[in-house]
Structure formats: structure tokens, C-alpha cells
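Below is one structure, written out as C-alpha cells; comments come after it.
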Amino acid sequence: MPSGLVHLTSLQTLPRFIVGENFSNSKLIGGPSVLNSLNFLRGELRIEHLEHVKNATSESKEANMKGKQYLQALRLYWYREDDDGGDADDALLEGLQPHQNLKELHLCGYGCVRFSSWLMASMVTLLPNLVKITFESCVRCQHLPPFGQLPFLKVLELYILTALEYIDDDNTSPSSSNSASEARGCLFFPSLKELKLYELPLLKEWPREVVIVNNYGSTTAIAALQQQQEVSLLSFPCLTTLNIKDCPSLTSMPLLPNLEELMIENVTEKLLQSLMMVAATNSSTTSSSLARLKSLRISSCPGPRISKGFGMVFCIPSFGVFGRKEIE
Numbered sequence: 002m003p004s005g006l007v008h009l010t011s012l013q014t015l016p017r018f019i020v021g022e023n024f025s026n027s028k029l030i031g032g033p034s035v036l037n038s039l040n041f042l043r044g045e046l047r048i049e050h051l052e053h054v055k056n057a058t059s060e061s062k063e064a065n066m067k068g069k070q071y072l073q074a075l076r077l078y079w080y081r082e083d084d085d086g087g088d089a090d091d092a093l094l095e096g097l098q099p100h101q102n103l104k105e106l107h108l109c110g111y112g113c114v115r116f117s118s119w120l121m122a123s124m125v126t127l128l129p130n131l132v133k134i135t136f137e138s139c140v141r142c143q144h145l146p147p148f149g150q151l152p153f154l155k156v157l158e159l160y161i162l163t164a165l166e167y168i169d170d171d172n173t174s175p176s177s178s179n180s181a182s183e184a185r186g187c188l189f190f191p192s193l194k195e196l197k198l199y200e201l202p203l204l205k206e207w208p209r210e211v212v213i214v215n216n217y218g219s220t221t222a223i224a225a226l227q228q229q230q231e232v233s234l235l236s237f238p239c240l241t242t243l244n245i246k247d248c249p250s251l252t253s254m255p256l257l258p259n260l261e262e263l264m265i266e267n268v269t270e271k272l273l274q275s276l277m278m279v280a281a282t283n284s285s286t287t288s289s290s291l292a293r294l295k296s297l298r299i300s301s302c303p304g305p306r307i308s309k310g311f312g313m314v315f316c317i318p319s320f321g322v323f324g325r326k327e328i329e
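Each step along the sequence shown adds one to the number in the numbering used here, with nothing skipped, and position 16 is 17.
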């Protein structure tokens, strides 16, 4: 990027900023600090090749991302052959904290186990207006920020997080053994409409507040609260679209009364059994689950034959099974 960019203080559109290799030794290429005075930027800003930043702490802070109140979307990209970003990625991301008006956040290639403090500890207060989050190719990530507490989040996309086991952590959610009075009013993902989970090989559990049905038809402790009419489903109350692909450790399906579109690809037999159990169960806790489902797509899934009546059980207008030789 031309070093003269720093003088364009009234600039409103800069969709892409590329950090050059060895930028500190060049007058023609700038690092993130070049963005310092560009506080009128609007729309989307995509910063690429963050792995080239050497002085992570100083460069990121000088970028003054917190001063860019008109920016709607921030996309940060690291490209490296080595997945381990060490302390550099954490320090860099820490200094790139955006303004609280931000609506969309996309991180790709971040190389640390945890995310920065403004995401993990203070996301709800520092970024309360987020409506879309995409985390991609963060292969060392083991802990996610408290996404479920964001009041306006509508779209969550998690791609290729190969070390992730849980969508939430114990320290960000109340225990399922809490009383009804403690759980009442504590919705998780209250506005989420679309959830995509792709290539999460170790993901094994949904948020602990969600009612799930396993292959034996049992439910979690939250179901008891539901039967007592103390609380309704605590997670995903507005979810309409769910895509699950290449998640071999995920074995249960949640109860999603407002779900309209469901796509599952290359998942385990247990997950399919859980889905079938949701369809077959007539208990009071599941009578409304998937009642609004309009489209179901199942692709490349192992295990037993899938019944043609599967779609009829849900009364689904659009039902398809792909990559299966036997359908009875």
C-alpha cells in the first residue's frame, strides 16, 4: 500500500488493505499503522497478510481501529503455512479491537488457542451490535468467545476449527443444574437465525442450555424445567437455517421449533438417529420441535437406510437424500 495513504484523512472507502512483507523497510508499503488517521472509513475493511506484521503490539494499536466508528464490517486474514501464530497473533488481534458500532466480524487464519480479551471477556459490552460473525481456518482455536450472549447476532459461521470441542465454555454459561429462577430470562443466541458448522471434527456438544435428544430419546435436565412451564428452550429460539457438514463427533440434535431449513452432510449415524428420534417422539417436550421445517437435505451420511417416510414424518415440502445408494 502507498505510504501516502495516511494523508487521505477524509477517505471513506477502502475495501481491501494488504500488509506487505518487510513493510517496515519500504517507503511504498505500509503496515496497519497506516490506517491510524482514516477514521471516516465506511462499509467493509479487509486486512490481509497480517502474518507479515513484526511489531504486533505497536502496529496494531497505531491502526486505531477503535476510532473507526463508521466501519460496518472488519475482516482480518492471516496466511501462513505454519498454523501456530504464537503470541504475535494474540498481541496483534488485541490491538485491532474495533469500535462498538461494528456489525460484522470475520477472522481467518488466526493462530492461537484463545482469542483476545476484548472477544473472550468483554465481547458483549465492547461489540454489542454484531449481527454476523465468521471464524474460518482458526485451526488451533479451542475456546470461543461468548457468542450466545450477543443480543443482535443473526448469523454465525464456523469453518475449519479443527481443535474446537464446544461452542460455549463453562465460564460463560450457567450450569444445566441451575434452578428455574436462575435460568429464567437467560436466553442464549436470542436472535440467531442462521448457523453454519463446517469441518469441526472434534465438536461434540451443543451449548449446555439447549434441550437435546439423543438416540435413546432422552432429554437433558432443561426438559424438566420446560415441563414445569418455568422456561422455554433457552438456546436458538429464532434459528431458521442450520447447516452441519463434516462434524463426525457431534451425536445429538437440539430441539429447534422455528427451524425451516436443515442441511446435514457427512455426519455420524448417531446424529441421524437423533434426528429420527425427534421426528418419532410425541412427548410434550418435543411436540413443537421442527414443526416449521420446510427443507431437509441429507448428504454423504453413513449408517442405516434412510426411510422415504422420513420427510413425511416432518411434513416437509422439500426433502432430499444425496450420496446414498439405499433408501427404503
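Every residue, glycine too, gets a C-beta built ideally from N, C-alpha and C.
Segment limits, alpha helix (DSSP H) that includes residue i
| i | result |
| --- | --- |
| Gly96 | 87-96 |
Segment limits, beta strand (DSSP E) that includes residue i
| i | result |
| --- | --- |
| Ser296 | 296-300 |
| Val156 | 156-160 |
| Thr242 | 242-246 |
| Gln73 | 72-78 |
| His17 | In the sequence on display, residue 17 carries Arg and not His. Per DSSP, Arg17 belongs to the beta strand (DSSP E) from 17-19. |
Within 7 Å, strictly: CB atoms of residue i and residue j
| i | j | result |
| --- | --- | --- |
| Tyr160 | Glu195 | no |
| Asn259 | Thr242 | no |
| Ser34 | Thr10 | no |
| Ile134 | Leu198 | no |
| Phe189 | Ser236 | yes |
| Leu77 | Ile48 | yes |
| Lys104 | Asn130 | yes |
| Asn119 | Gln143 | It should be pointed out that residue 119 corresponds to Trp in this sequence rather than to Asn. Not in contact: Trp119 and Gln143 (Cβ atoms no closer than 7 Å). |
| Tyr80 | Arg43 | no |
| Leu272 | Leu297 | no |
| Cys1 | Leu276 | Only positions 2 to 329 of the chain appear in the structure, and residue 1 is not among them; the question remains open. |
| Leu333 | Cys139 | Residue 333 cannot be examined here, being either before or after the span of the chain that is shown, 2 to 329. |
| Leu36 | Ala64 | yes |
| Arg141 | Gly112 | yes |
| Glu200 | Tyr167 | no |
| Gly21 | Asn40 | no |
| Gly32 | Val54 | yes |
Minimum C-alpha distance to residue i - residue among the options
| i | options | result |
| --- | --- | --- |
| Glu52 | Met124, Leu94, Trp119 | Leu94 |
| Gln101 | Gly21, Gln13, Val132 | Val132 |
| Leu256 | Leu46, Cys239, Glu200 | Cys239 |
| Gly110 | Glu82, Leu36, Leu42, Ser123 | Glu82 |
| Asn267 | Arg141, Thr126, Ile299 | Ile299 |
| Asp88 | Phe116, Pro146, Ile168 | Phe116 |
| Val1 | Phe153, His8, Arg141, Val114 | Nothing in the structure corresponds to residue 1, since the chain is present only between 2 and 329. |
| Phe18 | Thr58, Ser59, Ala57, Leu75 | Leu75 |
| Thr252 | Cys302, Arg293, Gly68, Leu12 | Cys302 |
One or two residues paired with residue i in a DSSP bridge
| i | result |
| --- | --- |
| Glu200 | In the DSSP output, where bridge partners are listed per residue, Glu200 has none listed. |
| Met264 | Asn244, Arg298 |
| Glu206 | Tyr167 |
| Ser236 | Phe189 |
| Glu270 | None, per the DSSP bridge assignment. |
Going residue by residue through the segment 26-67, where are the continuous alpha helix (DSSP H) segments of at least 4 residues, counting only ones entirely within it? 57-63
Quick one: complete beta strand (DSSP E) runs, 3+ long, within the segment 100-151? 105-109, 133-137
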